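Input: a single structure, listed below in structure tokens.
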Amino acid sequence: MKLLPVAVALLFPFLISAQNGNEQDVEQGRALFRSNCAFCHGLTAGGGRGPSLISAKLVRSSTDEDIKKIIRTGVPGTSMPSFDNIEKDDLDKLVRYIRHLGGSNVISAPVSGDPVAGKTVYARNGCGGCHRVGDEGSNFGPELTRIGAGRAPEYIHQSIVDPSADIPAEYEGVTVVTKEGKKITGVRINEDTFTVQLRLGNDKFALFDKSNVKEVIYPKQSLMPAYKTLPAKELQNLLAYLDKLRGQETSGADATKAKGIK
């Protein structure tokens, strides 16, 4: 038993070296994250165009290899690209940093404002005409059921007052001008050399043959109007409401199941 302190003393330099190595990997992983991932996930990984990685279930429930596979191959059907050329050592450090984020127990402060009043602002401005929360609303714009869990408040604020600052590719607008001069605008769903398919505001789809229309226009502005003139108090309440949306709203069969109805 008297040899134990000697053994610990001998191991101590190795423990310190391992700890310093881990901290160095995390810092290098942070640099890799900021240069490759921060544009979508936010500088502090709180969420932007891409989801938050601080509270993401992905980080807690996936293995390192699962996360590496997502980074290497991307996520089809989303804005998450593939990083198939990243070096193995860099990938290891990046995953270690993401793990560090998931285990950092960072809890963001709640957004100030009245979420109940914010829900009224949401309804009064017709937001449900384009967005869905739970089983209510439209699929024309991005779903907001978990917007508070996946996006940083700063990003949500910008999306309200200046939606054209960052338009996800899957919600880019297209205007088709028919030969009669009628303009039809919607979200681009599919497009090739000969045709373009749009989702319209009524959640219906329209397919156009480019040879049978006068023009196809690709506006740089978001289809969502900018709410720059929304009173400051109403804007803050709206932010508080959206920040509270973290997946509690169930829809369809899930809502029925949650109520115990078969």
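Just so you know, we're using the working numbering here: the sequence shown kicks off at 34 and counts up by one.
Ideal Cβ placement from N, Cα and C applies to all residues, glycine included.
Computed from a predicted structure; not experimentally measured.
- request: May I ask you to list the residues that DSSP assigns as paired with Arg232?
  value: Answer is Val220, Phe238, bridged to Arg232.
message: If the criterion is Cβ atoms closer than 8 Å, does the pair Tyr251 and Ile193 meet it?
response: Not in contact: Tyr251 and Ile193 (Cβ atoms no closer than 8 Å).
message: For Gln206, report the span of its beta strand (DSSP E) as first-last.
response: The displayed chain sequence assigns Gly, not Gln, to residue 206. Gly206 -> beta strand (DSSP E) spans 206-211.
message: With the cut-off set at 8 Å, would you say Arg184 and Ser85 are in Cβ contact?
response: With contacts defined by Cβ atoms closer than 8 Å, Arg184 and Ser85 form a contacting pair.
field: Endpoints, alpha helix (DSSP H) assigned at Ile103
entry: Secondary structure note for Ile103: its alpha helix (DSSP H) is the uninterrupted segment 97-106.
query: What is the DSSP secondary structure of Gly174, reduced to helix, strand or coil?
result: Gly174: coil per DSSP, three-state reduction.
- prompt: Nearest to Thr153 by CA position, among Gly280, Asp276, Leu271, Lys277, is which residue?
  reply: Of the candidates Gly280, Asp276, Leu271, Lys277, the one whose C-alpha sits nearest the C-alpha of Thr153 is Leu271.
- prompt: According to the neighbour-count rule (16 or more other Cβ atoms, all chains shown, within 10 Å of its Cβ), is Lys253 buried or exposed?
  reply: It counts as exposed.
task: Starting from Val246, follow the beta strand (DSSP E) in both directions and report where the run begins and ends.
output: Where Val246 is concerned, the enclosing beta strand (DSSP E) starts and stops at 246-250.
message: Using the Cβ count rule (16 or more neighbours within 10 Å means buried), how would you classify Thr178?
response: If you draw a 10 Å sphere on the C-beta of Thr178, you find 16 or more other C-beta atoms in it, and that means buried.
message: Taking the straight line between their C-alpha atoms, what separation do you get for Phe227 and Ile103?
response: If I take the Cα positions, the gap works out to 33 Å.
Top-ranked residue by Cα proximity to Glu162, from Pro148, Thr106, Gly234: Note on identity: in this sequence residue 162 is Gly, with Glu being the wrong assignment. The residue with the shortest Cα to Cα distance from Gly162 is Gly234.
- request: Helix, strand or coil for Arg82, going by three-state DSSP, please let me know.
  value: Three-state result, Arg82: coil.
- prompt: If you follow the alpha helix (DSSP H) that Asp147 is part of, which residue opens it and which one closes it?
  reply: Per DSSP, Asp147 is not a residue of any alpha helix (DSSP H), being assigned neither H nor E.
query: Apart from the five residues on each side of it in sequence, which residues of its chain come closer than 8 Å, Cβ to Cβ, to Asp236?
result: When the five nearest sequence neighbours on each side are left out, the beta carbons in the same chain lying within less than 8 Å of the beta carbon of Asp236 are those of Ser171, Asn172, Phe173, in order along the chain.
query: Does the beta-carbon distance from Arg82 to Asp199 come in below 8 Å?
result: It is a contact, given that the beta carbons lie within the stated cut-off.
task: Starting from the C-beta of Glu248, find all residues in its chain whose C-beta is less than 6 Å away, skip the five residues before and the five after it, and write them out in chain order.
output: Around Glu248: Val210.
task: State the Cα-Cα distance for the pair Gln61 and Tyr155, rounded to the nearest angstrom.
output: One C-alpha to the other measures close to 42 Å.
message: Less than 8 Å between the C-beta atoms of Ser115 and Gly107, yes or no?
response: Contact annotation: Ser115 and Gly107 have beta-carbon atoms nearer than 8 Å.
Chain-order list of residues whose beta-carbon lies under 7 Å from that of Glu267 (same chain, five-residue window excluded): Only Val154 meet the Cβ criterion.
- request: Can you give me the start and stop residues for the alpha helix (DSSP H) that Gln191 sits inside?
  value: In the DSSP assignment, Gln191 falls within the alpha helix (DSSP H) that extends over 186-194.
query: Taking C-alpha atoms, which residue in Val128, His164, Thr218, Gln269 lies nearest to Ile87?
result: Answer by Cα proximity: Val128.
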